[in-house]
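Here the sequence shown stands for residues 1 to 173, where the numbers follow the numbering used here.
Positions of the beta carbon are idealized from the N, C-alpha and C atoms, including for glycine.
Here is the structure we will look at, set down as C-alpha cells.
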Amino acid sequence: MRHQIRSVLFDLDGVVVFTDKYHYLGWKKLADEKGWDFDEEVNHGCRGVPRLASLQVLLDHNNVDFPLEEKERLADIKNEYYKELLKQINDDDIYPGVVPFLKKLQAEGIRMAICSSSKNALPVLDALDLTQYFDAVITGNDIENPKPDPEIFIKGAAAVNMHPLHCLVFEDA
1 MRHQIRSVLF DLDGVVVFTD KYHYLGWKKL ADEKGWDFDE EVNHGCRGVP
51 RLASLQVLLD HNNVDFPLEE KERLADIKNE YYKELLKQIN DDDIYPGVVP
101 FLKKLQAEGI RMAICSSSKN ALPVLDALDL TQYFDAVITG NDIENPKPDP
151 EIFIKGAAAV NMHPLHCLVF EDA
C-alpha cells in the first residue's frame, strides 16, 4: 500500500537551524563561572538531550554532583544564558536551502509542523521569521516523553490534522 505525503514534520535544532553554538556558549559560561572544565568534546555529549541530561554530562565530566533542586537551578541559569545569546541569532543560522524548501512545500499545500524538544523553539522561529511557514509548533512544553519517544511526532501529526502515515519526518536525533 502506498501512502501519499501530505505533511512534513521537522525537528528544529540541527535540521532547520543551527543553534549548537548558542547552547555551547551558554554551557561554557556556566562552566567558567563554576570553575568547571567544558569544551567542544564535552559539548558533543550534550547534543539532542534534555537540559538536565546535558547538565549531568557536564557534572559527570567534572566529577561533581548536586541534589536535583540545585541541578534544576543550574539548568535554568544556563537556559537564561542561552535565551540571552539567542538575541544574536540571524539568517546565517538557518541551514542552506531550508527557506526555499519550506516555500516550495507551502506552495504545494503540504502542511508543516515543527516538532522540537526545545522549550525555546518559538523564540527561535520568531527571531528568524520562520513561524509563517508552519501550521503547528510542538515543543518540549507540550510533551511528557522526550525523543526518541514518538509522542512529539504523533502530536505534530494531530496538530496538522494528518494521520501519521501521511507524514514525513526530518530529524537528526
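Nearest to residue 35 by alpha-carbon distance, out of 85, 58, 54, 144, is 58. The C-beta distance from residue 159 to residue 138 rounds to 6 Å, short enough to fall under 8 Å. For residue 138, there is no enclosing alpha helix (DSSP H); the enclosing beta strand (DSSP E) covers residues 136-138. Assignment of beta-bridge partners to residue 64 by DSSP yields no partner. In this structure, DSSP gives residue 54 a helical state, which the three-state scheme calls helix. Here residue 9 is actually not in contact with residue 124; their C-beta atoms are around 17 Å apart, not less than 8 Å.
Secondary structure note for residue 114: its beta strand (DSSP E) is the uninterrupted segment 111-115. Taking C-alpha positions only, residue 69 is separated from residue 109 by approximately 46 Å. Bounds of the beta strand (DSSP E) holding residue 169 are 167-170. In this structure the stretch 81-99 does not lie against the stretch 151-166, because fewer than three pairs of beta carbons, one per stretch, are closer than 8 Å.
Per the DSSP secondary-structure output, residue 13 pairs in a beta bridge with 17. Non-local beta-carbon contacts of residue 156 in its own chain, meaning distances under 6 Å to residues more than five positions away in sequence, involve 9, 113, 115, 138 in chain order. In the three-state DSSP reduction, residue 8 falls in the strand class (E or B). Rounded to whole angstroms, residue 120 and residue 60 show a C-alpha spacing of 25 Å.
Counting only the Cα atoms, residue 127 lies some 23 Å from residue 107.
For residue 54, same chain residues with a beta-carbon under 6 Å away, outside a window of 5 residues either side, are 46 in chain order.
Setting aside the 5 residues that flank it on each side, residue 89 is surrounded in the same chain by 127, each with a C-beta closer than 6 Å to its C-beta; the list follows chain order.
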